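In this note's numbering, the protein residues as written are 992 to 1117.
Idealized CB from N, CA, C, for every residue including glycine.
Because the structure is a prediction, the values reported are computed rather than measured.
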Amino acid sequence: MERKRACIHCHRLFALVRNPQQQFCSHRLCQNMRKSNWHRAKHKQDSDYRGNQSQACKRWRKKNPNYWKQYRATHPDYTDSNRQKQKQHKQMRRKKPLCSETSQFANSDALIVKISVITNGYSYYK
Ligand SMILES: [Zn+2]
């Protein structure tokens, strides 16, 4: 008999196929959340990982010096949205210096989510 579990992110039931410890379904948004959680925890706990990530980012920025400048020039909606998020983030940090909220800035893994039309009271992600 196929065992099922509710995804801890979207709460939909999914089949436990290979990993009995699996907590997230295979939906893209849920997998992005799982990866993001893993990355955040690893970054917090593992100083070697943090150092490697920092070095990789430096190398990438050196190799792509104009990437963000060009991206901002060609994506004004993103730029405005990110500016608003930065303002909110700064305001929150002023209020709560040890804020544990996750960052809303797109940088390492851009999360692109498109929610299609809501039908029958359920929203579906593309
Ligand atoms: Zn899910």
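Please confirm whether cysteine 1016 and arginine 1003 have their CB atoms less than 8 angstroms apart.
Taking the sequence shown and counting its residues from 1, the one referred to as residue 1016 is at position 25. Taking the sequence shown and counting its residues from 1, the one referred to as residue 1003 is at position 12. Taking 8 angstroms as the Cβ cut-off, cysteine 1016 and arginine 1003 qualify as a contacting pair.
Tell me whether arginine 1019 counts as near ligand 1, meaning its Cβ is closer than 7 angstroms to at least one heavy atom of that ligand.
For the purposes of this step, residue 1019 is taken as the residue at position 28 of the sequence shown. Not under cutoff, so the answer is no.
Straight-line Cα distance separating glycine 1042 from cysteine 1048
As a working note, residue 1048 is residue 57 in the sequence shown. As a working note, residue 1042 is residue 51 in the sequence shown. Approximately 10 angstroms, taken between the alpha carbons.
Three-state secondary structure (DSSP) of leucine 1007
As a working note, residue 1007 is residue 16 in the sequence shown. In the structure shown, leucine 1007 sits in coil (DSSP, three-state: anything other than H, G, I, E or B).
Nearest-angstrom Cα distance between aspartate 1039 and serine 1045?
Working through the sequence shown from its first residue, we reach residue 1039 at position 48. Working through the sequence shown from its first residue, we reach residue 1045 at position 54. One C-alpha to the other measures close to 10 angstroms.
For ligand 1, any of its heavy atoms closer than 7 angstroms to the Cβ of histidine 1000?
Start at 1 with the first residue of the sequence shown, and residue 1000 comes out as number 9. Flag set: Cβ of histidine 1000 near ligand 1.
Do you know offhand how far glutamine 1061's Cα is from threonine 1070's?
As a first step, residue 1061 is located in the sequence shown; it is residue number 70 there, counting from the start. As a first step, residue 1070 is located in the sequence shown; it is residue number 79 there, counting from the start. Whole-angstrom Cα-Cα distance: 11 angstroms.
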